[in-house]
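Chain order of the listed sequences is A and B.
Everything in the first sequence is counted per the working numbering, starting at 89 for the first residue and increasing by one.
Everything in the second sequence is counted per the working numbering, starting at 89 for the first residue and increasing by one.
One structure is given here, and the rest of the page talks about it.
2 protein chains.
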Amino acid sequence: MQEIDLLIEARWIIPIEPSDVTLEHHALAINAGRIVGLAPAELAKTQFLPRRKLSLSSHVLLPGLINLHAHAAMTLLRGYADDINFADWRNQRIRPAEIRLVSPDFVRDGTMLACAEMLRGGVTCFNDMYFYPGQAAEAAVRLGMRATLGILTMEFPSSYAADADDYLSKGLAARDSLLDQPLISFCMAPHAPRSVSDKSFERIATLAAQLDLPIHIHLHESIQEIEESVQQHGVRPLERLRRLGLLGPSMIAVDAVRLEANEIALLAEQCCSIAHCPTSNMKLGHGSAPVVDLAQRGVRIGLGSDGAASNNRLDLFREMNHAALLAKVSAGDATVLDAHAALRMATINGAAALGQDKCIGSLEPGKLADICAVAFDDASLAPCFDPASHLVHVAGREHVSHVWIGGEARVSDGKLLVIETAELLDIANLWHNRLSS
Amino acid sequence: MQEIDLLIEARWIIPIEPSDVTLEHHALAINAGRIVGLAPAELAKTQFLPRRKLSLSSHVLLPGLINLHAHAAMTLLRGYADDINFADWRNQRIRPAEIRLVSPDFVRDGTMLACAEMLRGGVTCFNDMYFYPGQAAEAAVRLGMRATLGILTMEFPSSYAADADDYLSKGLAARDSLLDQPLISFCMAPHAPRSVSDKSFERIATLAAQLDLPIHIHLHESIQEIEESVQQHGVRPLERLRRLGLLGPSMIAVDAVRLEANEIALLAEQCCSIAHCPTSNMKLGHGSAPVVDLAQRGVRIGLGSDGAASNNRLDLFREMNHAALLAKVSAGDATVLDAHAALRMATINGAAALGQDKCIGSLEPGKLADICAVAFDDASLAPCFDPASHLVHVAGREHVSHVWIGGEARVSDGKLLVIETAELLDIANLWHNRLSS
Numbered sequence: 089m090q091e092i093d094l095l096i097e098a099r100w101i102i103p104i105e106p107s108d109v110t111l112e113h114h115a116l117a118i119n120a121g122r123i124v125g126l127a128p129a130e131l132a133k134t135q136f137l138p139r140r141k142l143s144l145s146s147h148v149l150l151p152g153l154i155n156l157h158a159h160a161a162m163t164l165l166r167g168y169a170d171d172i173n174f175a176d177w178r179n180q181r182i183r184p185a186e187i188r189l190v191s192p193d194f195v196r197d198g199t200m201l202a203c204a205e206m207l208r209g210g211v212t213c214f215n216d217m218y219f220y221p222g223q224a225a226e227a228a229v230r231l232g233m234r235a236t237l238g239i240l241t242m243e244f245p246s247s248y249a250a251d252a253d254d255y256l257s258k259g260l261a262a263r264d265s266l267l268d269q270p271l272i273s274f275c276m277a278p279h280a281p282r283s284v285s286d287k288s289f290e291r292i293a294t295l296a297a298q299l300d301l302p303i304h305i306h307l308h309e310s311i312q313e314i315e316e317s318v319q320q321h322g323v324r325p326l327e328r329l330r331r332l333g334l335l336g337p338s339m340i341a342v343d344a345v346r347l348e349a350n351e352i353a354l355l356a357e358q359c360c361s362i363a364h365c366p367t368s369n370m371k372l373g374h375g376s377a378p379v380v381d382l383a384q385r386g387v388r389i390g391l392g393s394d395g396a397a398s399n400n401r402l403d404l405f406r407e408m409n410h411a412a413l414l415a416k417v418s419a420g421d422a423t424v425l426d427a428h429a430a431l432r433m434a435t436i437n438g439a440a441a442l443g444q445d446k447c448i449g450s451l452e453p454g455k456l457a458d459i460c461a462v463a464f465d466d467a468s469l470a471p472c473f474d475p476a477s478h479l480v481h482v483a484g485r486e487h488v489s490h491v492w493i494g495g496e497a498r499v500s501d502g503k504l505l506v507i508e509t510a511e512l513l514d515i516a517n518l519w520h521n522r523l524s525s
Numbered sequence: 089m090q091e092i093d094l095l096i097e098a099r100w101i102i103p104i105e106p107s108d109v110t111l112e113h114h115a116l117a118i119n120a121g122r123i124v125g126l127a128p129a130e131l132a133k134t135q136f137l138p139r140r141k142l143s144l145s146s147h148v149l150l151p152g153l154i155n156l157h158a159h160a161a162m163t164l165l166r167g168y169a170d171d172i173n174f175a176d177w178r179n180q181r182i183r184p185a186e187i188r189l190v191s192p193d194f195v196r197d198g199t200m201l202a203c204a205e206m207l208r209g210g211v212t213c214f215n216d217m218y219f220y221p222g223q224a225a226e227a228a229v230r231l232g233m234r235a236t237l238g239i240l241t242m243e244f245p246s247s248y249a250a251d252a253d254d255y256l257s258k259g260l261a262a263r264d265s266l267l268d269q270p271l272i273s274f275c276m277a278p279h280a281p282r283s284v285s286d287k288s289f290e291r292i293a294t295l296a297a298q299l300d301l302p303i304h305i306h307l308h309e310s311i312q313e314i315e316e317s318v319q320q321h322g323v324r325p326l327e328r329l330r331r332l333g334l335l336g337p338s339m340i341a342v343d344a345v346r347l348e349a350n351e352i353a354l355l356a357e358q359c360c361s362i363a364h365c366p367t368s369n370m371k372l373g374h375g376s377a378p379v380v381d382l383a384q385r386g387v388r389i390g391l392g393s394d395g396a397a398s399n400n401r402l403d404l405f406r407e408m409n410h411a412a413l414l415a416k417v418s419a420g421d422a423t424v425l426d427a428h429a430a431l432r433m434a435t436i437n438g439a440a441a442l443g444q445d446k447c448i449g450s451l452e453p454g455k456l457a458d459i460c461a462v463a464f465d466d467a468s469l470a471p472c473f474d475p476a477s478h479l480v481h482v483a484g485r486e487h488v489s490h491v492w493i494g495g496e497a498r499v500s501d502g503k504l505l506v507i508e509t510a511e512l513l514d515i516a517n518l519w520h521n522r523l524s525s
């Protein structure tokens, strides 16, 4: 009998790896922050001697969800620019607000609000892109959330940095100061092709290779972006990045709505990943990323919420649902992007895109215990014929009952353990007032 | 000072009529099941002497939502046929299950489960189409929900009826027996052009005119349906219905995905209504109804959940969100179908389609007190710049705190008052076992 910290028995477990599997009446064994066993519940009782035991008799256990594209601090701008076109969204609403307000406090507070929302909704890891990544990391550490922070780079000055070199050096300094934080990692985050010069891209490619970091960039989100690139650089943005040496397994292309057939082939050939943001793409009227074609060519697709100014929830359950619905309606085919495919997008695919699929993204012995439990005892979820399809098409983040990160509980019986609602509402209220004044 | 039953003070009230208005710190006065006043909270205190007072300090009050197209009893088949094409969905999964199981008990139980889900989610009225409408009405009456039941008509025999005449006489008998139920009304419900003969359609047109009932029919959902009609009748289904005299203000065309420009003009000219079912249309891969064009031509558009075998939630918050997202992505324009337009679809437009907009669909003095309150004190909803946009893009049915129908509370502080969860789970479990055996 092996002594362990925690044994969780669950009605269903969807481990993600192996794929397309739903286990019934199994138990997950956790010790020292890692998964150490997964076995039928009856067998597990004979194998493990747990210091704590939890029986989740009407729940599904699955890996914590991974949000592959967020601007967490923008949660303070939730719903600040709805029902307007993208140029006005950016130029008339979001940028002026950011110029007025963005500061270390704004990023720390906004990221805290975002982490609370994501944790409560079963998200255990997010890939972020925003100003002041060091302060975003601070917020994630305080709430005990796993995060990959972008070393944001653009040519334009902000309160945070003066030019591309300044952005890079500040981001690298933040990374250096947080190397000992087990929950925190970094990636290169050139903002977008339109806002980064060739020279900066070359430096970013070098740094990503030297430091072995993913590269996280908005790419082919809108027609305008592509037309601008053709005018200024003679080629579409993806081809420009190829020439500059940025494509490869470390590339996470966000949005990827506008792709031609040869570009899909190129992304596949270069083993790039996509951060698909279906809700944001729909809400901003940008279109539908060709996820069925991308997946058929073997391109890895994770899911992102984007920021709360363009979504307006940081809700991976909703992204799974919307990815499935948008793929089906775009293809005119109800069979594409089935439930297990959507679940993989929100878990193992995101982990692999971040280069962390050895540690997270599935419930396999040896991996970190980042886990989400969803309670199916709500009559609005009954009956249930297939828990996987229920997770994508019926359940919502409101049904998340428990969340663990590295074996530590962050949500228990539907209650967020790491921060009080009153503090979060105070934060939101403060910045709402500053923005409205 | 006027004595009244109940005064509800709320942080915000969105009355729907007048349109595009969000009132702050107002109060709604209710007496004998009707709204008798709407005024600034301070003023209301001087006008009304309430026997009960409720202060909803962080809530939005809006009219109860109206589900303009449901197959409520099919909630027992929730998620029973996912990720398969529509022909298989119908022929391999749903019809065989219905042939085996549909009975008066199935419909009563399934509709009870559906009513519980809808009430809990802020829906106060639904327009239904299924076998055994009398038993569906019984379930709605038991749970205190407003419902319009379809007098289902098709040529095919079922356990319920032998042929079209039999469907009609049974539906009319159910209506006769329920004429004294204030919550219940009926409509004609020819199932679809493919399943109803010209002769039956003519009889339905006559009955609808004689009895002053709406006509509720699936129309132009799929390409196959239209091709079949052209082959068999020489014209597309809408033109066939026009020739048979079915178009007019009482027509509620469900789905209406495939429409040509002249058909949109015809629907407008005839003052028809559309029951738009965005989630079902996306999930089944059918496409996107041209709601922007329809609305521009003045066609009234309400929202429907469709049945839980093709959605899989009876959730009007989700339908509002999906209607907005699908319209924006289809038009490539973030400005179309703004939040107030989505709210009108889910309230006053549904009421008008059912011919009940003198009684329900907005918070106006004189109307029945069908009301929904949504609590905005969840940190995942903060900050809030525009409550209307928050209702469509951020809040979900999980934030519904109170529901009244005709002034009677059905949900209070998030708890459904009319039936216990245990009874609902027992019902779902029983039919799940029968279906799986």
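Cβ atoms here follow ideal geometry from the backbone N, Cα and C, with glycine treated the same way.
Computed from a predicted structure; not experimentally measured.
Boundaries of the beta strand (DSSP E) in which residue i is found, first to last residue
i	result
residue 119 of chain B	111–119
residue 173 of chain B	Residue 173 of chain B -> no beta strand (DSSP E), and no H or E assigned at all.
residue 388 of chain A	388–391
residue 357 of chain B	Unbroken run through residue 357 of chain B is the alpha helix (DSSP H), 349–357; no beta strand (DSSP E).
residue 462 of chain A	459–463
residue 372 of chain A	It is not in any beta strand (DSSP E) - residue 372 of chain A carries neither H nor E in the DSSP assignment.
residue 92 of chain A	90–101
Nearest neighbour of residue i, chosen from the options [CA to CA]
i	options	result
residue 171 of chain A	B:223, B:291 and B:428	B:428
residue 257 of chain A	A:324, A:221, A:436 and A:286	A:221
residue 370 of chain A	B:346, B:320, B:422 and B:142	B:422
residue 310 of chain A	A:347, A:297, A:499 and A:200	A:347
residue 469 of chain B	A:465, A:449, A:191 and A:517	A:517
residue 462 of chain A	A:289, A:454, A:149 and A:493	A:149
residue 507 of chain A	A:228, A:521, A:476 and A:424	A:228
residue 297 of chain A	A:337, A:280 and A:326	A:337
residue 135 of chain B	B:146, B:187, B:152 and B:114	B:114
residue 282 of chain B	B:464, B:319, B:498 and B:131	B:319
residue 466 of chain A	B:489, B:186, B:334 and B:504	B:504
Endpoints, the alpha helix (DSSP H) within which residue i is located
i	result
residue 433 of chain B	427–433
residue 404 of chain B	404–419
residue 381 of chain A	379–384
residue 479 of chain A	475–481
residue 397 of chain B	Neither: residue 397 of chain B is in no alpha helix (DSSP H) and is coded neither H nor E.
residue 441 of chain A	436–441
Nonlocal neighbours in the same chain, by C-beta distance under 6 Å from residue i, ignoring five residues either side
i	result
residue 198 of chain A	161, 163 and 164
residue 495 of chain B	118, 121 and 457
residue 327 of chain B	none
residue 340 of chain B	302, 304, 361, 363 and 441
Contact set for residue i: own chain, Cβ-Cβ below 8 Å, skip 5 residues either direction
i	result
residue 260 of chain A	239 and 295
residue 525 of chain B	none
residue 512 of chain A	200, 201 and 204
residue 241 of chain A	252, 255, 256, 259, 276, 277, 278, 279, 284, 288 and 292
Spatial neighbours of residue i in its chain, beta-carbon cut-off 7 Å, leaving aside the 5 residues before and after
i	result
residue 476 of chain A	102, 110, 427, 428 and 431
residue 416 of chain A	422, 424 and 425
residue 105 of chain B	436, 450 and 452
Jot down the residue ranges of each uninterrupted alpha helix (DSSP H) in the region 485–522 of chain A, minimum 4 residues, whole runs only, in chain order.
-> Fully enclosed alpha helix (DSSP H) runs of 4 or longer: not present.
Scan the region 203–287 of chain B and note each continuous beta strand (DSSP E) run of 3 residues or more that stays entirely inside, going in chain order.
-> If we require 3 residues or more, the beta strand (DSSP E) runs fully inside the region 203–287 of chain B come out as 211–216, 234–241 and 272–278.
Pick out the complete alpha helix (DSSP H) segments inside the region 124–201 of chain A, 4 residues or longer, and give them in chain order.
-> The qualifying runs are 129–135 and 183–189.
Mind the definition here: the region 148–160 of chain A touches the region 386–397 of chain A only if three or more C-beta pairs lie below 8 Å; say whether that holds.
-> A contact exists between the region 148–160 of chain A and the region 386–397 of chain A.
Entirely within the region 277–345 of chain B and at least 4 residues each: give me those alpha helix (DSSP H) ranges in chain order.
-> Fully enclosed alpha helix (DSSP H) runs of no fewer than 4 residues occupy 286–299, 311–321 and 325–331 of the region 277–345 of chain B, in order along the chain.
Counting pairs of Cβ atoms below 8 Å between the region 470–488 of chain B and the region 437–444 of chain B, do you hit three or more?
-> Too few Cβ pairs lie closer than 8 Å, so no.
Answer yes if the region 180–197 of chain A comes into contact with the region 372–390 of chain A, meaning at least three C-beta pairs across the two stretches below 8 Å, and no otherwise.
-> Counting Cβ pairs under 8 Å, fewer than three are found: no touch.
Should the region 353–372 of chain B be regarded as contacting the region 406–413 of chain B, the criterion being three or more beta carbon pairs within less than 8 Å?
-> A contact is defined here as three or more CB-CB pairs under 8 Å, and the region 353–372 of chain B meets this definition with respect to the region 406–413 of chain B.
Are at least three pairs of beta-carbons, each pair with one atom in the region 272–292 of chain B and one in the region 243–255 of chain B, less than 8 Å apart?
-> A contact exists between the region 272–292 of chain B and the region 243–255 of chain B.
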